[in-house]
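Visitor: Protein chains in written order, with my numbering: chain A, 66 to 178; chain B, 90 to 201.
First, the structure itself, so that you have it in front of you.
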Amino acid sequence: DTAVSQTPKYLVTQMGNDKSIKCEQNLGHDTMYWYKQDSKKFLKIMFSYNNKELIINETVPNRFSPKSPDKAHLNLHINSLELGDSAVYFCASSQVPGSTEAFFGQGTRLTVV
Amino acid sequence: GEDVEQSLFLSVREGDSSVINCTYTDSSSTYLYWYKQEPGAGLQLLTYIFSNMDMKQDQRLTVLLNKKDKHLSLRIADTQTGDSAIYFCAEKLEGGSYIPTFGRGTSLIVHP
């Protein structure tokens, strides 16, 4: 059983489109995250949710809107995609905010053309 | 400069030891981590060290922390081809955001 699963694994889309990436964790964790990894492998936090509530929102364009229908799911919706949004997006979860360990999904490679 | 810095590449021969280095800037780090990312996969926590420790050993892995120089290293003994991956150093600070800050990762290439 995959602990943190993201879909899709690959996403190729045109500029201006709207797309969503889904994430689910079956670990019973309270906290979920979205990270963006750029082409230089730089990994940056985007959002963090705890029990369906937004607790961290780094300086991310408001075209990015996370949604947490329940604490096991954290989806990422992106409007009006731009070339610079091309990256690998990782979902992660931890037991509580600030837990020692975070568990990562396999990543979604988004390519905007 | 970046908060957590690592060299981008390291190439070693199978069976040799690998040492991956990391420097960080914030002295209020509480935990320092090493994550491994295999091709096409997410990050997996390898090991971590609390900031009041100097060394931690776990089978083939040895983590050394020099808090004075803000330097962290990961030594992999008897490196195998399966160790080829990107290794990320990360720090978590006391107070403020509890989100770890990651380095850019070191690509470890193990050749026969």
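All C-beta atoms in this analysis are idealised placements derived from N, C-alpha and C, irrespective of residue type, glycine included.
Just to make sure I have the definition right: I need the residues of chain A whose C-beta is within less than 8 Å of the C-beta of B:Tyr120. Which are they?
Guide: Simply Thr165.
Visitor: Give the C-beta separation of B:Lys181 and B:Thr119 to the nearest angstrom, bearing in mind that I take them to be a contact with Cβ-Cβ under 8 Å.
Guide: Right, the Cβ-Cβ distance comes to about 6 Å (below 8 Å), so this counts as a contact.
Visitor: With 8 Å as the threshold, decide whether the Cβ of A:Gln90 is near any Cβ in chain B.
Guide: Answer no: the Cβ-Cβ gap between A:Gln90 and chain B never drops below 8 Å.
Visitor: So that I know if they touch, is there some Cβ in chain B lying closer than 8 Å to that of A:Gln160?
Guide: No, because no Cβ of chain B sits closer than 8 Å to the Cβ of A:Gln160.
Visitor: Can you find a CB in chain A that lies within less than 8 Å of the CB of B:Phe191?
Guide: So, interface residue.
Visitor: Given that B:Ile198 touches chain A, what residues does it touch there, using C-beta distances under 9 Å?
Guide: Ordered by position in chain A, no residue passes the 9 Å Cβ test against B:Ile198, which lies about 14 Å from the chain.
Visitor: Based on DSSP bridge pairs, tell me the residues matched to A:His138.
Guide: A:His138 is bridged to A:Glu89, A:Asp135.
Visitor: Which bits of chain B does A:Gly170 rub up against, with CB to CB less than 7 Å?
Guide: Going along chain B in sequence order, the residues near A:Gly170 (Cβ under 7 Å) are Gly131.
Visitor: For A:Thr124, which of helix, strand or coil comes out of DSSP?
Guide: Reduced to three states, the DSSP call for A:Thr124 is coil.
Visitor: Since B:Phe139 is in the beta strand (DSSP E), which residue starts that stretch and which ends it?
Guide: Here the beta strand (DSSP E) through B:Phe139 covers 132-139.
Visitor: A:Ser104 CB to nearest chain D CB: under 8 Å?
Guide: This model lacks chain D altogether, as its protein chains are A and B.
Visitor: Quick check on the DSSP output: what are the complete beta strand (DSSP E) runs of length 3 or more inside the region 155-200 of chain B, in order along the chain?
Guide: Within the region 155-200 of chain B, the complete beta strand (DSSP E) runs of at least 3 residues are 160-165, 174-182, 195-200.
Visitor: Nearest by alpha-carbon distance to B:Ser173: which of B:Pro189, B:Thr190, B:Gly194, B:Ser140 is it?
Guide: When each option's Cα is compared against that of B:Ser173, the closest is B:Gly194.
Visitor: Taking B:Met144 as part of the beta strand (DSSP E), name the residues at either end of that continuous run.
Guide: First-last of the beta strand (DSSP E) with B:Met144: 144-147.
Visitor: With distances taken Cα to Cα, identify the nearest neighbour of B:Asp167 among B:Asp105, B:Pro128, B:Gln95, B:Asn110.
Guide: When only C-alpha atoms are compared, the closest one is B:Asp105.
Visitor: State the DSSP-derived secondary structure class of A:Leu146, mapped to helix, strand or coil.
Guide: Coil.
Visitor: Going along chain A in order, which residues have a C-beta closer than 8 Å to the C-beta of B:Ile175?
Guide: Neighbours of B:Ile175 on chain A, chain order: Lys106.
Visitor: Could you spell out where the beta strand (DSSP E) holding A:Lys106 opens and where it closes?
Guide: Where A:Lys106 is concerned, there is no enclosing beta strand (DSSP E), given that its DSSP letter is neither H nor E.
Visitor: In whole angstroms, what separates the C-alpha of B:Thr136 from that of B:Leu163?
Guide: Going from the Cα of B:Thr136 to the Cα of B:Leu163 covers about 9 Å.
Visitor: Comparing C-alpha positions only, which one of A:Thr96, A:Lys101, A:Lys117, A:Gly93 sits nearest to A:Met111?
Guide: Cα-wise, what sits closest to A:Met111 is A:Lys101.
Visitor: Which residues in the same chain as B:Ser100 place their Cβ atom closer than 6 Å to its Cβ, once the five residues preceding and following it in sequence are excluded?
Guide: For B:Ser100, where only same-chain residues beyond five positions count, the Cβ hits under 6 Å are Ile198.
Visitor: Would the region 145-156 of chain A and the region 166-178 of chain A be scored as touching if the rule is three or more Cβ pairs under 8 Å?
Guide: Verdict: yes, contact present.
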